[in-house]
Amino acid sequence: MEVSKAKSIHAKELLTAQNDEWHPKIVAFLCNWCSYAGADLAGVSRLQYGPNVRIIRVPCSARVNPQYIVKALQNGADGVLVSGCHPGDCHYISGNLVARRKFALTKMLMEFVGVEPERVQFSWVSASEGGRFADLMNRVIADVKRVGPAKRLVKHLP
Amino acid sequence: MSNAQTTELRQIAKRLLEEGKIDLFIGFQEGTLPLRSRPAFVSAEAATADSPATGSPGAGSLIWDSFCATNLAVYLPKYYENQPGRRKKREKPYPKIGVAAKGCDMRSIVALTKERQVQRDSLVVVGVPCRGMIDTRKVEAAVAAKRGSAGDGGSAAAEEILEARETEAGKLEVTTRSFGVLTFDREEVLQDCCLECRYPMPEGADILLPGQARKPGDGGYARVERFMEKSSEQRWEYFSSELSRCIRCNACRQACPTCWCKECFAEQTDLKWIGVGNTPSDAMVFQIIRVFHQAGRCVECDACYRACPMHIDLRLYTKKIVKDVEETFGYLPAFDAEALPPLATFGDEQCDFFITDPDKNEAAEGTG
Amino acid sequence: MKTPVEQKLARPQAPSNPYLPYPVVIEEIRIENEARDLKTFQLAFEREEDRKAFRYLPGQFAEVSVLGSGESPFGIASSPTEQDFLLFTVKLTGSVTADLHGSEPGRRLGVRGPLGNSFPWDRLRGKRIIIISGGFAFTTLRSAITYMLHPDNRGDFGEIFALYGARSPGELMYKSELAAWKKSDAIDLNLAVDREPGEPWDGKVGLVPNVLRELAPSTDGAIALVCGPPIMIRFTIPVLQELGFAKEDIILSLENRMKCGIGKCGRCNVGAKYVCVDGPVFSFAELENLPPEY
Amino acid sequence: MSDNKERTFMDRGIIRKADIPKLAAERRLFAPAREGTVPPGTCELKENPAEIAYRFSNTRVPLKDIFFPQTETMYTFDFDEVSEVSIPTDPILVFGCRPCDTRALAQLDAVFGPQNKGYTDPYYMKRRESSIIISLACSDPCPTCFCTATGGSPAGTRGADIVAHELEGDSLLFEAVTEKGSALLKSYNPLFAEAADPLVAEVREKDAAVEKAVHQANNLGVSLGEDIAALKDRMDPLFDKRIWENLTASCIGCGACTYLCPTCHCFDIADESRLYQGRRIRTWDSCQFASFTKHASGHNPRTNKKERLRQRFMHKFSYAVENMGEVLCVGCGRCITACPVNLDIRDVIRSFAKEPSRENAS
Chain A
33 MEVSKAKSIH AKELLTAQND EWHPKIVAFL CNWCSYAGAD LAGVSRLQYG PNVRIIRVPC
93 SARVNPQYIV KALQNGADGV LVSGCHPGDC HYISGNLVAR RKFALTKMLM EFVGVEPERV
153 QFSWVSASEG GRFADLMNRV IADVKRVGPA KRLVKHLP
Chain B
321 MSNAQTTELR QIAKRLLEEG KIDLFIGFQE GTLPLRSRPA FVSAEAATAD SPATGSPGAG
381 SLIWDSFCAT NLAVYLPKYY ENQPGRRKKR EKPYPKIGVA AKGCDMRSIV ALTKERQVQR
441 DSLVVVGVPC RGMIDTRKVE AAVAAKRGSA GDGGSAAAEE ILEARETEAG KLEVTTRSFG
501 VLTFDREEVL QDCCLECRYP MPEGADILLP GQARKPGDGG YARVERFMEK SSEQRWEYFS
561 SELSRCIRCN ACRQACPTCW CKECFAEQTD LKWIGVGNTP SDAMVFQIIR VFHQAGRCVE
621 CDACYRACPM HIDLRLYTKK IVKDVEETFG YLPAFDAEAL PPLATFGDEQ CDFFITDPDK
681 NEAAEGTG
Chain C
39 MKTPVEQKLA RPQAPSNPYL PYPVVIEEIR IENEARDLKT FQLAFEREED RKAFRYLPGQ
99 FAEVSVLGSG ESPFGIASSP TEQDFLLFTV KLTGSVTADL HGSEPGRRLG VRGPLGNSFP
159 WDRLRGKRII IISGGFAFTT LRSAITYMLH PDNRGDFGEI FALYGARSPG ELMYKSELAA
219 WKKSDAIDLN LAVDREPGEP WDGKVGLVPN VLRELAPSTD GAIALVCGPP IMIRFTIPVL
279 QELGFAKEDI ILSLENRMKC GIGKCGRCNV GAKYVCVDGP VFSFAELENL PPEY
Chain D
792 MSDNKERTFM DRGIIRKADI PKLAAERRLF APAREGTVPP GTCELKENPA EIAYRFSNTR
852 VPLKDIFFPQ TETMYTFDFD EVSEVSIPTD PILVFGCRPC DTRALAQLDA VFGPQNKGYT
912 DPYYMKRRES SIIISLACSD PCPTCFCTAT GGSPAGTRGA DIVAHELEGD SLLFEAVTEK
972 GSALLKSYNP LFAEAADPLV AEVREKDAAV EKAVHQANNL GVSLGEDIAA LKDRMDPLFD
1032 KRIWENLTAS CIGCGACTYL CPTCHCFDIA DESRLYQGRR IRTWDSCQFA SFTKHASGHN
1092 PRTNKKERLR QRFMHKFSYA VENMGEVLCV GCGRCITACP VNLDIRDVIR SFAKEPSREN
1152 AS
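Protein chains in written order, with my numbering: chain A, 33 to 190; chain B, 321 to 688; chain C, 39 to 332; chain D, 792 to 1153.
Set out below in C-alpha cells:
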C-alpha cells in the first residue's frame, strides 16, 4: 500500500465521481492467451462496448479461484465475468477444461444461495473474436443493469 | 449399554491393543449428556482397564449405540502429519490406529487416504454396519412440541431430557422432567443424513462387526430440488437469515473430516480473504467457500450441521454441492480409493450449459 | 535534564481511550542490514502534548499502527534521552511490517504506548551492566545503552560491558552508534560474527555463547541484560550461570503475539503473566516458574 | 467470593410482569424472548421483545454480547486520518438474565475496568456504566448447571442491580442489590406493591431448595466458593503431564465453547479497509484457534490442541485465581451443550478435583 496521499485522493475521486445515473462495475477475469487478446482486438478494431468493465488479466482461466469471484462480489462488484479460451484451445492444453468444472459448480452454488444469476457469468472468447468480446461485454452489462446495483453479499464498511 | 456390537467392539479393540497391532483405538464411550456418545481414545496401557491416573478410558468403556454420530475420521489426519520439510525423513513410524467406522466414517477415511492425509495401511478400520444415528435435535424438537402443547409457550427441550435409552424393539425412550417417559420410533428421530444415506455399510473395513445395516436411502436430493424451486429472493432470504446467526466459531470447519487444511483460507493473513468478525457478509462468504471446498469431497456425514451451536442449516448447502457434483460429473465419494476426484481431472462432458454465449440471443438465466 | 529513575518509572496516566494511537510522522527510514529486511523508522509526534505524554524507559515497547494493515508491537529502540523522536527497528515478516517497509518518509502512522514494564532500572543503578545480544533483538538494548551513556545517567552505572553478535558484519545494526561506542571509554563493546567473514573484520568470530565464555565478564556486582533469538538465549543462559550469575541477575525480554497491549485481549500470557503488562522484561528466575509458552 | 453467602438487599417490592417494559421507559430494554429463535423454543436476549419469556433455562448467547459485542468498530479512518466513533451510551436495562451471567459480568468488569493494571476499556465500560441489570433467579436449573461448584448460586446476587424472583400469578419479587437498583425501585415506586416478610421467607426457602438440587446434581468434588485455589493447587503441578493429552484428545479445536462462554473475553483487533477508508474493529477471538498465538515469524507458542485447551482451563481455574482472585467460570454449562464432541468441562474439573496423588499421574 505504498501510495502517496495524492494518488489515493485521485483514486478516491475516480471512484466517487458519479453522475446520477448508476453505472455498474463489472470485474472481468480474462485469460492472457485468448480472452485478453480478444479484448485487445476489440480495442484496436475500435469496437464499442460499455466502459463498465475492469479487466484483470490472469494466466489462464484455471487460475481463477471461485474465491476471487465471491470476493469481488463482497467488495462491491455488480457483476463478475470470467472468460478463457474455447474448450480445446487452451494454451496449457487442459486448463480451461479443469476450470470449466469449477465454474459449473460455482455458477450453480451461487445461484442456489440466492445471488442473482446475472452477477456471475462465464464465457469463452478467442484471440480472434474481438467482435464476440464486445458483444459479450454489452450483454453482461445489460444483464447486470437489469438486476440493478449489487446488494446481496456486499460488505459495507463505514 | 450392552449390545452385541458393543461387546464385539470391546473384544476387538482389546485384542488389537494387547496384540500390539494398534497403539490407539478410537471409538465411543458414554457421553455426559443424554442422546450423546462421545469419542473415546483408548491407549494400549488402558486396554484392560480404565487408567484413572491419566484419564484414559479402557477398552471396556467402549460402546456402540445410536448416539455415535460423530465422524471419527476427523481425528485421523493429525496422527499422520509430517513435519514441514521432512516428508521423506520421518523419525518415528506412523502410529497404528484402530478406528470404529460407520459408512460415512469409512467414506471419509477413503477420501482422506486419497488426499494422503492418512496412511490406510497403518489403520485398522473396524466397520460397523450402521442402523442410523439418532438426531438429538429431532428429539429435542419433539419434546419441545410436547411442552408447547402443554400450554406454556414451548421451551428449549435440552434441559427437559434427563435420560435416553434405546430398547431392543428399536424404540427410543426418553425420560423427561415434565412428561415422564416419552417413546419414539427410531425412524422418526433418525438424523436426516441417515435416512438419506446411500452407504450405511462400511465397505472395505478391515474387520466388520456383526449386525444389519439399514436399507440405503435415496440421497436426499429432493429437498435441494424443492428449495431450488423458490425464487432467487427467497433463497437469498433463507441463506442470509440462517447465516445471520453465525458466530464464526468454526465448529463446522473443525468438525469436518474433509477440512484438514493446516491454514484455512479464512485465516490467511498475507492475503486477507475475509474479515474476522461476524459481519453477515463475511459469514456468508466463509460458508460459500467452505461449501465449495467440499465439492467432490463431502461424504454427507452432516458433521458440520451437528456441530453448529447456532443450528444453521448447513446440510442444505453441502447437499447441493454433492448433488451438483454427482449429476454433472457422475462422481460421488464412496469407497473407491482409485476414482479421481472430479476437480482434479476433467472429462469430455458437455457442461457448457452455464456459459454465456453472446451469439445466442437469450438472456442470462438460472441454470435450474 | 535529570529525572530520578523512580519518577520516570511511574506509569503515565492511561489515556481515556487506550486504543487510540497518537499520530506520528515518519521522519527518516534507515536500512540497517545487507539483507535489507531490517529498517529503522524514526518517528516524530505530531502534537507536542503527545510527545510529552509518551514518557518511557528503555525496555518498553509500543504498538505501531498502520491504518489499513493493523498494529504490531515493537520494542522502542530510541532512548528517553533522545527526546525529539522515537526509533523502531522493524523486521520484514508479516503484513503490517510489509506495509511499513513499503513506506516513505512523510507517511503518517500511529503509536500507542509506552507499554509494558522496562528493564529494572531501580535495580540496575550502581551495578555493572553486562549486555548480551544477538541479531535483531538488539533494539531495546540500543535504547538501554544510549540511555546509560547519556552524561546525566552515566554516573549511575558501573562498568558497561556489551557483546553483540550477528551472522555477518553486514547484519549488525546501528553502525554509526556502534562505531561511536567502539571509540568510547564509557562502554566496553565487543562485536562478534558467527563465521569468519570474507572481508576485513576486527571483532570476534564465533557464536554469542562461545564468545561470551571466552570473554568471561566478571559477575562482581553485575546484572546481565540478554536479548536475542530463542536459540541464542537457550545456549547463553547456561554460560551465564557457569560464569556465576544468579538467576535473578539474568534479565530477559520476551515476545509474544499481542493485540491490545494493555492486558485485556488475553493472547500474550505465559502462565499467569501477561507479556504486555507484566513484561516484556522478566528475570530468568521468574521465567523458570512460568510454562514454556513463548 | 461465594456470592451465596452474604446477601444484603436494600429495597424490595412486587411488580406485575406486564409492568416490566414500563421500567425501561427511558432505557433500551433487553429481555429474554422466544420470538424467531432457532431452534424454536430457545431464548435469546432481545431488544424490546414483544413478549418477555419466562420458564427457560438460560439464553444461548450469553449476556456479555450486549456489553462486549462480537464485532465492534473501535474507530474509523480515512487514509491516515482517524475518527473516533461514538460509543453507544444509551442507558440499558437488562431484565431476565440468569445469576450466573451477572456474576460473569462482574468478572468481565474486573477485566475491562481500571482495576486491571490501570487501563480502562472504554467500549465496554461506557456501556456498562449506564446499565441496570435485573437478573431472574433460577427456579428450574438444567442438568448441566454447576454454578454451586464454582461458588455461585441459582439466586446469586453478584453483578446484578436487582434480583427478581417469579411468584405465583403474574408477578415478580424485586430485591435491589445495589444503589442503582434501589434507585430504580424508588423512581418507579407506584408500580410496586409491598412484599411481606413471610413471602420473602418462602422465596428464600425455594432458593435454598434449588441450590441444593444443583449441588446434588453436579457436585464436582470441589467447592471453589469455599476454597478458591482448590483446583489451581492440583492443576499447576500437572501442567506438563499426560493427563492433559487424554482430557483433550477429543477436542476438535473449534471455538464454540469460548464464544458461548459468559466469561471468555479474548479479542482480536483487525483492520478492514477498502481504498484507504476503513475501520479498526475488535472481535471475539478464541484461544482454541491455532492462529491465536501464532507469531508473524511463524513461531507458535501453543502449537497443538492440548496446549490450547490446557490454556483455556488453566486460565479459568489457575491464572485467573492468581490475577483476579476468582475462577473465571460461573458454571452456566453452555460449553457443555455447545461442544460438538461432548468434551465436558465438568469432567475436567472432576478429574483434577479427585486427582489423588500427583506421583501417579506421570
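Note that beta-carbon positions come from the ideal geometry of N, C-alpha and C, so glycine has one too.
Exercise. Measure the alpha-carbon distance for D/Ile1140 versus D/Leu1011 and round it to whole angstroms.
Key: D/Leu1011 has its alpha-carbon roughly 7 Å from the corresponding atom of D/Ile1140.
Self-check item: 9 Å Cβ cut-off: residues of chain B touching C/Gly132
Solution: By Cβ distance, chain B contributes Thr589 and Asp590.
Quiz item: Do you know how far the Cα of C/Gly164 is from the Cα of C/Leu95?
Solution: One C-alpha to the other measures close to 17 Å.
Quiz item: Is A/Asn107 close to chain D, meaning its C-beta is less than 8 Å from at least one C-beta of that chain?
Solution: By this cut-off, A/Asn107 is an interface position.
Practice problem: Within the same chain, show all residues whose beta-carbon is closer than 6 Å to that of A/Glu150, passing over the 5 residues directly before and after it, in chain order. | Solution: Leaving aside the five residues that flank A/Glu150 on each side, the residues in its chain whose CB is nearer than 6 Å to its CB run, in chain order, Asp175, Val176 and Val179.
Self-check item: Listed by chain order, chain D residues near C/Ser54 by CB distance under 8 Å
Solution: The answer, in chain order, is Thr911 and Pro913.
Quiz item: Would B/Cys581 be called buried (16 or more neighbouring beta carbons within 10 Å of its own) or exposed?
Solution: B/Cys581 should be labelled exposed.
Self-check item: Distance between beta carbons of C/Leu227 and C/Leu210, contact taken as under 8 Å
Solution: Contact check for C/Leu210 and C/Leu227: beta-carbon distance about 11 Å, past the 8 Å limit, so the pair fails to qualify.
Self-check item: Contact with chain D by C/Gly140, beta-carbon distance below 8 Å
Solution: Not flagged as an interface residue toward chain D: C/Gly140, since no C-beta distance is shorter than 8 Å.
Quiz item: With a CB to CB cut of under 7 Å and the five nearest residues on each side skipped, what residues in its chain are close to D/Val994?
Solution: In its chain, beyond the 5 residues on either side, His956 and Leu964 have a beta carbon closer than 7 Å to the beta carbon of D/Val994.
Practice problem: Taking a Cβ distance cut-off of 9 Å, strictly less, list which residues of the stretch 283–298 of chain C are near chain D, in chain order. | Solution: Answer set for the stretch 283–298 of chain C: Glu293, Asn294, Arg295, Lys297 and Cys298.
Self-check item: Where D/Leu1051 meets chain B, residues with beta-carbon distance less than 7 Å
Solution: Ordered by position in chain B, the residues that pass the 7 Å Cβ test against D/Leu1051 are Pro629.
Exercise. Taking only beta-carbon positions, decide if A/Pro181 is within less than 8 Å of chain B.
Key: Taking Cβ atoms only, chain B never reaches closer than 8 Å to A/Pro181, which makes this a no.
Exercise. Pick out whichever of D/Phe903, D/Arg949, D/Gly960 and D/Gln906 has its Cα sitting closest to the Cα of D/Ile925.
Key: Minimum Cα distance to D/Ile925 is reached at D/Arg949.
Practice problem: Identify, in the order they occur along the chain, each residue of the same chain with its Cβ nearer than 7 Å to the Cβ of D/Ala901, setting aside the five sequence neighbours on each side. | Solution: Excluding sequence neighbours, D/Ala901 sits near Asn907 and Met1115.
Practice problem: Label C/Pro338 either buried or exposed according to how many other C-beta atoms from any shown protein chain fall within 10 Å of its C-beta, with 16 as the threshold for buried. | Solution: Summary: the structure shown does not reach residue 338 of chain C, with chain C confined to residues 39 through 332, and so no result is reported for it.
Exercise. Please go through the same chain and pick out, in chain order, the residues whose beta-carbon is closer than 8 Å to the beta-carbon of D/Ala841, but skip the five residues on each side of it.
Key: Around D/Ala841: Ala824 and Glu826.
Quiz item: By the criterion of Cβ-Cβ separation under 8 Å, what are the contact partners of C/Pro318 in chain D?
Solution: Neighbours of C/Pro318 on chain D: none; closest Cβ ~13 Å, over 8 Å.
Quiz item: Can you find at least 3 beta carbon pairs, one from the stretch 279–296 of chain C and one from the stretch 892–900 of chain D, that sit closer than 8 Å?
Solution: When C-beta atoms of the stretch 279–296 of chain C are compared with those of the stretch 892–900 of chain D, fewer than three pairs fall below 8 Å, so the two segments do not count as touching.
Practice problem: Identify the contact partners of B/Lys640 in chain A, using a Cβ-Cβ distance below 9 Å as the criterion. | Solution: Within chain A, the residues near B/Lys640 are Met140, Leu141, Phe144 and Val145.
Quiz item: To the nearest whole angstrom, what separates the beta carbons of D/Arg1033 and D/Phe1143, a pair I think is in contact under 8 Å?
Solution: 14 Å between Cβ atoms; not a contact.
Quiz item: Does the distance from the CB of B/Phe666 to the CB of A/Arg133 come in under 8 Å?
Solution: Contact flag set, yes.
Self-check item: Cutoff 7 Å; reference B/Ser560; Cβ partners in own chain excluding five residues on either side
Solution: By the criterion of a C-beta distance shorter than 7 Å, B/Ser560 is surrounded in its chain by Pro600 and Met604, once the five residues flanking it on both sides are discounted.
Quiz item: Would B/Arg715 pass as a contact of B/Gly537 if the rule is Cβ separation under 8 Å?
Solution: Residue 715 of chain B cannot be examined here, being either before or after the span of chain B that is shown, 321 to 688.
Quiz item: Which residues in the same chain as D/Ile878 place their Cβ atom closer than 8 Å to its Cβ, once the five residues preceding and following it in sequence are excluded?
Solution: Contacts found: Pro913, Tyr914, Lys917 and Arg918.
Exercise. Could you pull out every unbroken beta strand (DSSP E) segment of at least 3 residues lying fully inside the stretch 411–485 of chain B, listed in chain order?
Key: As summarised for the stretch 411–485 of chain B, the continuous beta strand (DSSP E) elements at least 3 residues long and confined to that stretch are 417–421 and 443–447, given in chain order.
Self-check item: Residue-level contact to chain D via CB, A/Pro190, 8 Å cutoff
Solution: Yes, A/Pro190 lies at the interface with chain D (some Cβ there is under 8 Å from its Cβ).
Quiz item: Near B/Gln648, what residues of its chain come up, given a Cβ to Cβ distance below 6 Å and the 5 sequence neighbours on each side ignored?
Solution: The residue asked about is misnamed: residue 648 of chain B is Thr in this sequence, not Gln. Annotation for B/Thr648: Cys671 place their beta carbon closer than 6 Å to its own, counting only its chain and skipping 5 residues before and after.
Exercise. With D/Phe868 as the anchor, note down where its beta strand (DSSP E) starts and where it stops.
Key: That run of the beta strand (DSSP E) goes Thr862 to Asp869.
Quiz prompt | Exposed unless 16 or more other CB atoms sit within 10 angstroms - verdict on D/Thr1074 | solution = So D/Thr1074 ends up on the buried side.
Self-check item: B/Val419 and B/Val448 closer than 8 Å at C-beta
Solution: In this structure, B/Val448 does not lie closer than 8 Å to B/Val419 by Cβ.
Exercise. Report yes if the CB atom of A/Pro56 is closer than 8 Å to the CB atom of A/Asn84, and no otherwise.
Key: Yes.
Quiz item: When the cut-off is 8 Å and only beta carbons count, does B/Leu663 lie next to chain A?
Solution: Output row for B/Leu663: interface = yes.
Quiz prompt | From C/Gln98, C/Glu70 and C/Val104, residue whose alpha carbon lies closest to that of C/Gly317 | solution = Across the set C/Gln98, C/Glu70 and C/Val104, the C-alpha of C/Gln98 shows the shortest separation from the C-alpha of C/Gly317.
Quiz prompt | Host beta strand (DSSP E) of D/Pro989 (start-end) | solution = DSSP places D/Pro989 outside any beta strand (DSSP E); the residue lies instead in the alpha helix (DSSP H), whose first and last residues are Asp988 to Ala1008.
Quiz prompt | Delimiting residues of the alpha helix (DSSP H) encompassing B/Gln532 | solution = For B/Gln532, there is no enclosing alpha helix (DSSP H), as DSSP marks it with neither H nor E.
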